[in-house]
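For the protein sequence lines, the chains are A and B, in the order given. Positions 38 to 383 (our numbering) are the ones given, in order, by the first sequence. Positions 3 to 297 (our numbering) are the ones given, in order, by the second sequence.
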Amino acid sequence: MSGPRHARGVWPVLGGGVVVALAAMLPLIWSNGYAIGLLTTMFITIVLAASWNFLLGMAGVWNFGQLALYAAGGYAAGALMLHTSLPPALALVGGGLASMLLAVVVAVPTLRLFGIYTALVTFAFAEVFRLVIVNDGSGLTGGPYGLPAIDGLFGSVAAPSAARAYYWTALAVAVASVGAVAAIVRSPLGLALRALRDSLPYASARGVDPLRYRVAAFGLSGFLAGLAGGLYASFNGSIGPEVMGLTEMSITVTMLVVGGLGTVMGPVLGTALLTAIEAAISGHPAIELTILGAILLVVVTLFPRGLAGATSAGVDRFAAWLREEDAPVAENEEVEQPQSAGTLIR
Amino acid sequence: MTELVAILVSAVVLGSIYGLVAVGMTLIYGVLRVFDMSQGSMVMVGGFVGWATLQSAHLGAVPAIGIAFAVTFVLGVATQLISVQPLLGRIGFDFEMITFITTFAVAMVLGNVALEVFGPRQRNVPPLVHGTLDVYHGVSLPWQSVAMVAVSIAAMVALWLFLARSRYGIAIRAVAQDPDAARLMGVPIRRMFPLVMGLASALGGVAGVFLGAQFFASPTAGDLPLLMALIVVVFGGLGSLPGTVYAAYAIGLTQSAAAVLIGTTWSLPILYAVILVVLVVRPHGLAGHPSQARL
């Protein structure tokens, strides 16, 4: 896999700034409540997708328990808002911290595992977490019904202004999360994670401590996922175990992979595209998921690095053409050969 | 004593059926390095084929199994050609993760097409064989389950004979061992891949007929078998067929013991706990070798 593309100039940053500024002005000129709510949910999903992409794509950890971390953040923030007099903003951060703690606990048993083994352990963790919540009779989590009537961040504000306030909050958190992931990827921590992803034995032989960096990656990713979960619970006014179902996971994975696993802009592109598709065909869950599956299949077999990966490769080729150079080779990468699995029957 | 017999009988039944589904996944991983997430859909399709042939068309057990084998074989070949073949030999991404996701996409499409066509309703599939067998005082077993165990074991033995003795089987093992060397020896490896995936999917389809008759045919009937097969494959060690078979029976035993002694609600969480402990102690499963890890 390739790393981030450094220093393509100021244009992407400028373009991103313009898009964010336009998005921030949108609720002032467009008072369609449904659209504003849809976009708010999209921003929250971008935070979740960015946090998952950080682990799955950038650190290469097959974590399939991210939705449990997301839900944990929602439950923790919701419980703090319901049962304590903490300011809602602090409750949100509390949700993030709770998820971070949980993520670090999950990280430890996966340290020696690779690939599908990690996937199974993290998925098992998520399933057990979901089952514990569904079967919880103590009233702390509300069992299968979830936590209802969470006042949220802007409980005391009138409905139309609250909707705008959520919109801007979610937008700000989404921009901050994507920015933070982009900054981390370019930092020594990001370099260490990529090294561990591409070759764990080689990287650890060169002094990159898998324990420290993997746990840090899990913690950061968990914090962002928990923040997203808290925002969701706050915006939605409730949180239940259905947010971590298999359908939700399929949709979020599709967003990530269609957008581009391991790319900074991938989660944003994928979430935006899938939100638009979902809005267009909502009401027919089976047809919707069939179409999403087909899109996933087509996009990934054509562009394994997703739309963001394909776009940046295209931009590079175009820039090279402008400079009248030969098209750059994909990247200086090792061809991954399937390795011997033994003789199967022995 | 009755409890013990009940646990053992249930362990053999569960282990055989998990083994049949999981052996296909191991075969695919061993040859192609793909975790085939569409294997559960093959179980689901097998269930619907069983429903269509036994319930609607009133065919016998043998044609039902034969048709399920043929249908899922073709589906498996198609899945390989659509979701894995276009990615072979390309660089710049994690092949195992991307094919895990593309086969998952196939499962999403198949499951939701089934949901759209057949609806969420569970459909009863008549048993392939009628009557019950009295095993021990108070422990009885439907002949249906006996047939399931017999067919599963027969299919696994047949697969072993195929891989050990036949020309094609030896070619498949050669590809699993070293694709490049196999190609140099004249094995048409690109043609072996669809064959392997079709064969493995067909095993899932046959399991699906029996599972459908045991429970129901429904669009989500493949989800739990897929999860159990994944657990078995990982527990046994990737790419080792004997490891997969041992693991299938070990998992069957764990699950039936937990179900009988503690209750069915917690049998899955207990299974997860066992897996977690095993993987922390042996990060490559029971029969897996660390050298198989990507270095």
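Beta carbons are placed, not taken as given, at the ideal position from N, Cα and C, and that holds for glycine. No experiment lies behind these values; they were computed from the predicted model shown.
Residue i, buried or exposed, once every other Cβ within 10 Å from all chains shown has been counted against 16
i: proline 185 of chain A; result: exposed
i: alanine 13 of chain B; result: buried
i: tyrosine 182 of chain A; result: exposed
i: asparagine 69 of chain A; result: exposed
i: alanine 58 of chain A; result: exposed
i: serine 175 of chain A; result: exposed
i: glutamate 368 of chain A; result: Confidence at glutamate 368 of chain A is low in this model, with a pLDDT of 48, below 50, so the placement of that residue is unreliable and no value is reported for it.
i: arginine 123 of chain B; result: exposed
i: glutamine 374 of chain A; result: Note that glutamine 374 of chain A scores a pLDDT of 44, beneath 50, so its modelled location is shaky and nothing firm can be said.
i: glutamate 5 of chain B; result: exposed
i: leucine 297 of chain B; result: Any reading at leucine 297 of chain B must be qualified, since the residue scores a pLDDT of 28, below 50, and its modelled position is unreliable; the value itself is stated next. Counting Cβ neighbours within 10 Å, leucine 297 of chain B comes out exposed, since fewer than 16 surround it.
i: leucine 16 of chain B; result: buried
i: tryptophan 358 of chain A; result: exposed
i: valine 56 of chain A; result: exposed
i: isoleucine 264 of chain B; result: exposed
i: serine 258 of chain B; result: buried
i: glutamate 98 of chain B; result: buried
i: serine 85 of chain B; result: buried
i: methionine 150 of chain B; result: buried
i: tyrosine 274 of chain B; result: buried
i: alanine 59 of chain B; result: exposed
i: threonine 66 of chain A; result: Threonine is not the amino acid found at residue 66 of chain A; the sequence shown has isoleucine there. Looking at its Cβ environment, which holds fewer than 16 other Cβ atoms inside 10 Å, isoleucine 66 of chain A is exposed.
i: valine 33 of chain B; result: buried
i: glutamate 315 of chain A; result: buried
i: asparagine 126 of chain B; result: exposed
i: glutamate 164 of chain A; result: buried
i: valine 145 of chain A; result: exposed
i: glutamate 371 of chain A; result: Because glutamate 371 of chain A carries a pLDDT of 42, less than 50, the predicted location of this residue cannot be relied on, and no value is offered for it.
i: aspartate 246 of chain A; result: exposed
Integer-rounded CB distance, given that residue j should sit under 8 Å from residue i
i: leucine 298 of chain A; j: asparagine 100 of chain A; result: Not quite, the Cβ-Cβ distance comes to about 12 Å (not below 8 Å), so this is no contact.
i: methionine 110 of chain B; j: leucine 326 of chain A; result: 6 Å
i: methionine 27 of chain B; j: alanine 160 of chain B; result: About 17 Å; that fails the 8 Å criterion.
i: alanine 254 of chain A; j: alanine 109 of chain A; result: In fact, because the Cβ distance is near 17 Å, the residues do not count as touching under 8 Å.
i: isoleucine 1 of chain B; j: leucine 165 of chain B; result: Past the edges of chain B, shown from 3 to 297, lies residue 1 of chain B, and the structure says nothing about it.
i: leucine 130 of chain B; j: phenylalanine 212 of chain B; result: 7 Å
i: glycine 206 of chain B; j: glycine 48 of chain B; result: 7 Å
i: glycine 296 of chain A; j: alanine 345 of chain A; result: 6 Å
i: arginine 251 of chain A; j: leucine 226 of chain A; result: Incorrect: roughly 11 Å between the Cβ atoms, too far for contact.
i: methionine 46 of chain B; j: alanine 223 of chain B; result: 5 Å
i: leucine 22 of chain B; j: alanine 157 of chain B; result: 6 Å
i: methionine 199 of chain B; j: valine 177 of chain B; result: Wrong, their Cβ atoms sit about 12 Å apart, outside the cutoff.
i: leucine 93 of chain A; j: leucine 293 of chain A; result: 7 Å
i: alanine 135 of chain A; j: glycine 263 of chain A; result: 6 Å
Per-residue contacts from residue i into chain A (C-beta, under 8 Å)
i: alanine 215 of chain B; result: Correct list: empty, because the minimum Cβ distance to chain A is about 25 Å.
i: leucine 107 of chain B; result: Rather than leucine, the amino acid found at residue 107 of chain B in this sequence is alanine. By Cβ distance, chain A contributes Thr291, Gly330, Ala331, Leu333, Leu334, Val337.
Chain B contact residues for residue i, given Cβ-Cβ distances below 8 Å
i: tyrosine 204 of chain A; result: The contacting residues do not exist; tyrosine 204 of chain A stays about 31 Å from chain B at best.
i: asparagine 172 of chain A; result: Thr267
Bridge partner(s) assigned by DSSP for residue i
i: valine 141 of chain B; result: B/Tyr138
i: leucine 184 of chain A; result: A/Ile276
i: arginine 125 of chain B; result: B/Ala219
Partners in chain B for residue i, counting only beta-carbon separations shorter than 9 Å
i: glycine 97 of chain A; result: Asp96, Met99
i: tyrosine 250 of chain A; result: Within chain B, no residue comes near tyrosine 250 of chain A; the closest Cβ sits about 18 Å away, beyond 9 Å.
i: arginine 354 of chain A; result: Simply none; closest approach about 14 Å.
i: leucine 134 of chain A; result: Those do not exist, as leucine 134 of chain A stays about 25 Å from chain B at its closest Cβ, beyond 9 Å.
Cross-chain neighbours of residue i in chain A, by beta carbon under 9 Å
i: proline 271 of chain B; result: Ala161, Glu164, Val165, Leu168, Val169
i: methionine 110 of chain B; result: Ser287, Thr291, Leu326, Thr327, Leu329, Gly330, Ala331, Leu333, Leu334
i: phenylalanine 298 of chain B; result: The first residue shown for chain B is 3 and the last is 297, placing residue 298 of chain B beyond what the model contains.
i: serine 85 of chain B; result: Leu334, Val337, Thr338
Residue i: contacting residues in chain B (beta-carbon distance under 7 Å)
i: proline 146 of chain A; result: Leu278, Val282
i: arginine 342 of chain A; result: Gly94, Phe95
i: alanine 323 of chain A; result: Asn114, Leu117, Glu118
i: valine 294 of chain A; result: Ile103
Neighbouring residues, chain A, relative to residue i (Cβ below 7 Å)
i: valine 236 of chain B; result: Ile153, Tyr154, Leu157
i: proline 285 of chain B; result: Arg149, Leu150, Tyr154
i: proline 227 of chain B; result: Per Cβ cutoff of 7 Å: no residues; proline 227 of chain B is ~14 Å from chain A at best.
i: proline 88 of chain B; result: Thr338
i: leucine 232 of chain B; result: Leu157
i: tyrosine 248 of chain B; result: Those do not exist, as tyrosine 248 of chain B stays about 13 Å from chain A at its closest Cβ, beyond 7 Å.
- Whole alpha helix (DSSP H) runs in the segment 245 to 328 of chain A with 4 or more residues, listed along the chain? 247 to 273, 283 to 296, 303 to 317
- Item | 4 or more residues per run - each alpha helix (DSSP H) lying fully within the segment 140 to 178 of chain B | 145 to 167
- Message: Report the start-end ranges of each alpha helix (DSSP H) in the segment 176 to 258 of chain B that is 4 residues or longer and not cut off at the edges.
- Response: 181 to 186, 191 to 216, 225 to 238
- Complete runs of the alpha helix (DSSP H) confined to the segment 42 to 116 of chain B [at least 4 residues]: 63 to 81
- Task: Enumerate, from N- to C-terminal direction, the unbroken alpha helix (DSSP H) stretches of 4 or more residues contained entirely within the segment 126 to 206 of chain A.
- Result: 152 to 171
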